[in-house]
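Peer 1: Which chain is which? The protein sequence lines are B and U, in order.
FYI, numbering that gives the first Met the number 0 numbers position 87 of the first sequence as 86, with every residue one higher than the one before it.
FYI, numbering that gives the first Met the number 0 numbers position 200 of the second sequence as 199, with every residue one higher than the one before it.
A virtual CB, placed ideally from N, CA and C, is assigned to each residue, including glycine.
All values reported here derive from a predicted model rather than from experimental measurement.
2 protein chains.
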Amino acid sequence: MQMSELSRQSGVPVATVKYYLREGLLPPGVATSATRATYDEAHLRRLRLIRALVQVGQLRLDAVRDVLAAVDDPAVNLHHTVGAAHHVLAPHGAASPQAADAVDRLLRQRRWRVHPDSANRHALAVAFEALRQVGFELSETTLDTYADAAAAVAEADVATVPTDSAEHAVEHVVIGTVLLEPVLLALRRLAQENLSGRRLARKRVRTAPRTRG
Amino acid sequence: MQMSELSRQSGVPVATVKYYLREGLLPPGVATSATRATYDEAHLRRLRLIRALVQVGQLRLDAVRDVLAAVDDPAVNLHHTVGAAHHVLAPHGAASPQAADAVDRLLRQRRWRVHPDSANRHALAVAFEALRQVGFELSETTLDTYADAAAAVAEADVATVPTDSAEHAVEHVVIGTVLLEPVLLALRRLAQENLSGRRLARKRVRTAPRTRG
DNA sequence: CGAATTAGATAGTGTTACTCTCCAATATTG
DNA sequence: CAATATTGGAGAGTAACACTATCTAATTCG
Numbered sequence: 000m001q002m003s004e005l006s007r008q009s010g011v012p013v014a015t016v017k018y019y020l021r022e023g024l025l026p027p028g029v030a031t032s033a034t035r036a037t038y039d040e041a042h043l044r045r046l047r048l049i050r051a052l053v054q055v056g057q058l059r060l061d062a063v064r065d066v067l068a069a070v071d072d073p074a075v076n077l078h079h080t081v082g083a084a085h086h087v088l089a090p091h092g093a094a095s096p097q098a099a100d101a102v103d104r105l106l107r108q109r110r111w112r113v114h115p116d117s118a119n120r121h122a123l124a125v126a127f128e129a130l131r132q133v134g135f136e137l138s139e140t141t142l143d144t145y146a147d148a149a150a151a152v153a154e155a156d157v158a159t160v161p162t163d164s165a166e167h168a169v170e171h172v173v174i175g176t177v178l179l180e181p182v183l184l185a186l187r188r189l190a191q192e193n194l195s196g197r198r199l200a201r202k203r204v205r206t207a208p209r210t211r212g
Numbered sequence: 000m001q002m003s004e005l006s007r008q009s010g011v012p013v014a015t016v017k018y019y020l021r022e023g024l025l026p027p028g029v030a031t032s033a034t035r036a037t038y039d040e041a042h043l044r045r046l047r048l049i050r051a052l053v054q055v056g057q058l059r060l061d062a063v064r065d066v067l068a069a070v071d072d073p074a075v076n077l078h079h080t081v082g083a084a085h086h087v088l089a090p091h092g093a094a095s096p097q098a099a100d101a102v103d104r105l106l107r108q109r110r111w112r113v114h115p116d117s118a119n120r121h122a123l124a125v126a127f128e129a130l131r132q133v134g135f136e137l138s139e140t141t142l143d144t145y146a147d148a149a150a151a152v153a154e155a156d157v158a159t160v161p162t163d164s165a166e167h168a169v170e171h172v173v174i175g176t177v178l179l180e181p182v183l184l185a186l187r188r189l190a191q192e193n194l195s196g197r198r199l200a201r202k203r204v205r206t207a208p209r210t211r212g
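Shown next, in the form of structure tokens:
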């Protein structure tokens, strides 16, 4: 197909497709002449992946580039590959030693083995730090509930990783990591909404209630 | 305290504090003269909340403004308040009717009662849509696992909402909703990393393995 | 042949979240 | 009281990001 067709089928404007080509996010098509090039299903697939990562996964284009590089460059074994994908996906930033300690304690308690420099380890510490900063106390039991939930979800995630080809595996992991996050978060909020309606609807609060919003 | 002190204690540059004041995110201090104003603990607290929402929660400033408005304007009962906070926090956007149907089916199955126009309902449909677009199949059982995990987490969330004051409740919900999301996601990724190491490390893939990365 | 289309390059745009520069007024110091 | 430093407030400027529009030359289709 030509670019106009690629654009039509993906719903991405031609100018944007050209931009992605320039940025190296999308491999060039096969040039049939100086002013024509054809694209195939792989291009369409890749384009849809880019869009999903950007619009749903909220990744920045440089992160998308890194992710796609990991997808295209499978490593020795699946774990390494998954690790590369994770490394690229995890947010960066530093946290206090206390927060890092809290994370380490949790990991030891759970017997979770993760890479010492894992970006996710950092990410959790940063999140802890932010909670402390605003004075939000995260109880041990709540954290346990969270960790249990996370473990169950990860169990399902890992179980569904295809092992037939590295490309498929990495793409699955990347999509699963990035695009299932909104699913998990939306489900949590919906569950909160449901419970809030059932548990809190009758609860008055100290502030004088207004008769009408 | 004066602005310089507020800046020092919060770690936010003076210019940025001034910007937040201009944008109405931070209430003005009490002017003691034409060129002096004093700020109190509430300002510091609010400032830290803004920073956490922006940097950890990744909210945009206009969303932060809406969230703070909800925090400052408690409604008739806690559920309504929580609903307002949710409404502000949920991403907007439209999805296909099929995706919306899938969401409705899930909610009916789970007997989760949520507002018909719930933004979270929309958000889940959008996430489903994105998965379909990239050809990622989310099995019924995986979705069940996710929903169970979400329910457990939400249970813990709602249980810890303080009911003594509307202000506290809303602030708790907002912080809990926004700042615990990174915690949940980081935990999921760490659990994935752990399981990936245990399950996938030995798995070769079809692609010819390289002897060295 | 001639109008329309296309690839590829370059430059421009809109948004967001700051950040910088002033200036007048006030506080501080001698 | 005068000289100096600091502060609050306002407006303009900036950097990053993700497009988007324009232009040009080639080429394809009618």
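So, helix, strand or coil for U:R112, using DSSP?
Peer 2: By 1-based counting over the second sequence, the position of residue 112 of chain U is 113. If DSSP states are grouped into helix, strand and coil, U:R112 belongs with coil.
Peer 1: Counting only the same chain and skipping the five closest in sequence on each side, list residues whose C-beta sits under 8 Å from that of B:N193.
Peer 2: Counting from 1 along the first sequence, the entry for residue 193 of chain B is found at position 194. For B:N193, where only same-chain residues beyond five positions count, there are no Cβ hits under 8 Å.
Peer 1: Quick check: the Cα distance between U:L48 and B:A155, rounded to an integer number of angstroms?
Peer 2: Here residue 48 of chain U is taken as the residue at index 49 of the second sequence, counted from 1. Here residue 155 of chain B is taken as the residue at index 156 of the first sequence, counted from 1. Answer to the nearest angstrom: the Cα atoms are 34 Å apart.
Peer 1: Is the Cβ of B:V63 closer than 8 Å to any Cβ of chain U?
Peer 2: In the first sequence, counting from the first residue as 1, residue 63 of chain B sits at position 64. Chain U, which has no Cβ nearer than 8 Å to the Cβ of B:V63, makes this no.
Peer 1: Please report the Cβ distance between U:A84 and U:T159, rounded to the nearest whole angstrom; I am assuming they are in contact, meaning their Cβ atoms lie under 8 Å.
Peer 2: On the second sequence, residue 84 of chain U is found 85 positions in, with the first residue counted as 1. On the second sequence, residue 159 of chain U is found 160 positions in, with the first residue counted as 1. Wrong, their Cβ atoms sit about 15 Å apart, outside the cutoff.
Peer 1: Assuming the contact rule is C-beta atoms closer than 8 Å, U:L88 and U:V66 should be a hit. Round their C-beta distance to whole Å, please.
Peer 2: Indexing the second sequence from 1 puts residue 88 of chain U at position 89. Indexing the second sequence from 1 puts residue 66 of chain U at position 67. Contact flag correct, Cβ pair sits at about 7 Å.
Peer 1: Tell me whether the segment 50-62 of chain U and the segment 124-133 of chain B touch, counting them as touching only if at least three CB pairs, one residue from each stretch, are closer than 8 Å.
Peer 2: Output reads yes: the segment 124-133 of chain B touches the segment 50-62 of chain U.
Peer 1: Have a look at B:A188 and U:L123 and give me their C-alpha separation to the nearest angstrom.
Peer 2: As a first step, residue 188 of chain B is located in the first sequence; it is residue number 189 there, counting from the start. As a first step, residue 123 of chain U is located in the second sequence; it is residue number 124 there, counting from the start. This sequence places Arg at residue 188 of chain B; Ala is not what is there. Their backbone Cα atoms lie some 10 Å apart in a straight line.
Peer 1: Can you give me, in chain order, the residues of the segment 6-26 of chain U that have a beta carbon less than 7 Å from any beta carbon in chain B?
Peer 2: Going along the segment 6-26 of chain U in chain order, one finds no residue with a Cβ nearer than 7 Å to chain B.
Peer 1: Return the Cβ separation of U:Q1 and U:R35 in integer angstroms, given the expectation that the two are a contact with Cβ distance under 8 Å.
Peer 2: If you number the second sequence from 1, residue 1 of chain U lands on position 2. If you number the second sequence from 1, residue 35 of chain U lands on position 36. At roughly 7 Å, the Cβ-Cβ gap stays under 8 Å, so U:Q1 and U:R35 are in contact.
Peer 1: Spatial neighbours of B:R214 within its chain, please: C-beta separation below 8 Å, excluding the five flanking residues on both sides.
Peer 2: Past the boundaries of the shown model lies residue 214 of chain B; chain B is included only from 0 to 212, so the question cannot be answered.
Peer 1: Classify U:S138: buried if its beta carbon has 16 or more other beta carbons within 10 angstroms, exposed otherwise.
Peer 2: Against the second sequence, residue 138 of chain U aligns to sequence position 139. Result: exposed.
Peer 1: Answer with yes or no whether the minimum CB distance from U:V53 to chain B is below 8 Å.
Peer 2: Counting from 1 along the second sequence, the entry for residue 53 of chain U is found at position 54. Judged by the 8 Å Cβ criterion, U:V53 is not in contact with chain B.
Peer 1: Quick check on DSSP: helix, strand or coil for U:P12?
Peer 2: What you label residue 12 of chain U is simply residue 13 of the second sequence in a count that begins at 1. DSSP places U:P12 in coil when its eight states are reduced to three.
Peer 1: With B:G29 as the anchor, note down where its beta strand (DSSP E) starts and where it stops.
Peer 2: In the first sequence, residue 29 of chain B corresponds to position 30, counting from 1. Checking the sequence shown, residue 29 of chain B turns out to be Val, not Gly. V29 to S32 is the span of the beta strand (DSSP E), which, as asked, contains B:V29.
Peer 1: Determine the chain B residues that contact U:E180 at a beta-carbon separation under 7 Å, and present them in chain order.
Peer 2: Here the question's residue 180 of chain U lines up with position 181 in the second sequence. Result: L184.
Peer 1: Could you tell me which residues DSSP pairs with U:T176 in its beta bridges?
Peer 2: In the second sequence, counting from the first residue as 1, residue 176 of chain U sits at position 177. In DSSP, U:T176 forms no bridge with anything.
Peer 1: Contact defined as beta carbons within less than 8 Å: I believe U:V104 pairs with U:V113. What is the distance between those atoms, to the nearest angstrom?
Peer 2: As a first step, residue 104 of chain U must be located in the second sequence, where it is residue number 105. As a first step, residue 113 of chain U must be located in the second sequence, where it is residue number 114. Here residue 104 of chain U is Arg; the residue named in the question, Val, does not match the sequence. Incorrect: roughly 13 Å between the Cβ atoms, too far for contact.
Peer 1: Excluding the 5 residues preceding and the 5 following B:V16 in the sequence, name in chain order all residues of the same chain whose CB lies nearer than 8 Å to its CB.
Peer 2: As a working mapping, residue 16 of chain B is identified with position 17 in the first sequence. These residues qualify, in order along the chain: M2, L5, S6, S9, L25 and L46.
Peer 1: How would you label B:V13, buried or exposed, when you count the other beta carbons within 10 angstroms and need 16 or more for buried?
Peer 2: Here the question's residue 13 of chain B lines up with position 14 in the first sequence. Result: exposed.
Peer 1: Hey, quick one: how far does the beta strand (DSSP E) through B:A36 stretch, first residue to last?
Peer 2: The residue given as residue 36 of chain B occupies position 37 in the first sequence. Here the beta strand (DSSP E) through B:A36 covers R35 to T37.
Peer 1: Does DSSP put B:L25 in a helix, in a strand, or in coil?
Peer 2: Working through the first sequence from its first residue, we reach residue 25 of chain B at position 26. Coil, per DSSP.
Peer 1: Between the beta-carbon of B:V29 and the beta-carbon of B:V172, is there less than 8 Å?
Peer 2: Taking the first sequence and counting its residues from 1, the one referred to as residue 29 of chain B is at position 30. Taking the first sequence and counting its residues from 1, the one referred to as residue 172 of chain B is at position 173. Cβ distance not < 8 Å, so B:V29 and B:V172 don't count as in contact.
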